[in-house]
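Residue numbers (the UniProt record's numbering): 1 to 213.
We put the CB at the ideal spot given by N, CA and C, even for glycine.
Source: prediction; values computed, not measured.
See structure below.
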Amino acid sequence: MEKHSIDSVDVDYMKKEVNEVDVQGMVDETVRRVREQSDRIQAAAMPYAEKTRAYAERQPVLFTYLAIFVALSIIPVGFFIGFVLSASLFIIAAAAVAIFACVLGVVVLGACFLLPTLFVTSLVSLFFLSCLLGLFLVHRLYLHITAAKSTNGRVDYDSLSRGVKTWLEETVDRVPPPRFDYSSLTLGAKQEPHNPLAIDPAPIKSTQVKTEK
1 MEKHSIDSVD VDYMKKEVNE VDVQGMVDET VRRVREQSDR IQAAAMPYAE KTRAYAERQP
61 VLFTYLAIFV ALSIIPVGFF IGFVLSASLF IIAAAAVAIF ACVLGVVVLG ACFLLPTLFV
121 TSLVSLFFLS CLLGLFLVHR LYLHITAAKS TNGRVDYDSL SRGVKTWLEE TVDRVPPPRF
181 DYSSLTLGAK QEPHNPLAID PAPIKSTQVK TEK
């Protein structure tokens with residue numbers, strides 16, 4: 001039992017050492033990468049630093065003037081860059097708003113001409129539709145009156161009233177909207193669409209039969 005506890009303590013200690021070694025290795029690797037990057041930056045900047053130092057040794061007065069000028073010019077240059085960027089963004093935003101307003105104005109102006117035109121075209125379409133329906137009804141009335149002629153081929157009061165009556169019945173049947181008949185609904189059967197302008201020859205045939213009688 002004591003040996004088993006000693007072994008478990010040794011295993012825990014070894015795990016701690018392994019974890020510490022891993023952490024130390026990661027830290028060393030990070031330090032090495034940072035040092036390599038710093039060495040690269042120093043190697044790249046070293047020639048410029050040497051040239052700057054040599055120039056400062058040759059022209060100390062001019063170098064001092066330039067250093068003071070650069071130090072004092074950083075703030076104005078920063079304000080200038082910020083002003084240019086903010087002004088550019090403001091101009092771009094104002095231009096976008098102006099373009100949107102112009103496009104919206106053009107659409108509204110075009111709609112002011114389009115909507116009355118569509119209203120007039122709808123009225124003209126309704127007028128032509130009314131004319132066509134009137135011609136259709138007149139034609140159907142003529143057919144009913146012709147079919148209701150007497151045996152001698154003349155149109156008398158009885159035949160005229162009979163033709164007008166059948167025409168009115170047919171017209172009244174066409175006026176109300178079609179109602180869906182649930183009793184005639186069957187599975188898999190296709191319902192034929194109702195055409196209100198379809199010509200039904202039944203009234204004419206029945207009138208002809210009555211006339212022959």
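- Inter-residue distance for Asp39 and Val31 is about 12 angstroms (C-alpha atoms, whole angstroms).
- The criterion of a C-beta distance shorter than 8 angstroms is satisfied by Gly163 and Ile145.
- Here Gln59 carries a coil assignment [DSSP, helix/strand/coil].
- Shown here for Gly110: not one same chain residue has a beta carbon closer than 8 angstroms to its own, the five before and five after excluded.
- Distance from the CA of Gly25 to the CA of Gln37, rounded to the nearest whole angstrom, comes to 18 angstroms.
- The C-beta of Glu169 has fewer than 16 other C-beta atoms within 10 Å across all chains shown, which makes the residue exposed.
- Residue environment: Leu115 is assigned as exposed (fewer than 16 neighbouring CB atoms within 10 Å of its CB, all protein chains considered).
- If you draw a straight line from the Cα of Val172 to the Cα of Lys165, it comes to about 11 angstroms.
- If you check the CB distance, Ala54 and Phe63 do not come in under 8 angstroms.
- It is roughly 56 angstroms from the alpha-carbon of Val103 to the alpha-carbon of Val34.
- For Leu141, the CB contacts under 8 angstroms within the same chain, skipping 5 residues up- and downstream, are Gly163, Val164, Trp167 in chain order.
- Between Ala148 and Ser159, the gap from beta carbon to beta carbon is short of 8 angstroms.
- Separation of Ile74 and Ala44 (C-alpha to C-alpha, rounded to the nearest whole angstrom) is 24 angstroms.
- Note on Leu72: under 16 other CB atoms within 10 angstroms of its CB, so exposed under the neighbour-count rule.
- With a threshold of 16 other beta carbon atoms within 10 Å, Leu143 meets it and is buried.
- Sequence-distant partners of Leu137 (beyond 5 residues in either direction) whose C-beta falls short of 7 angstroms from its own C-beta, in its chain, are Thr171.
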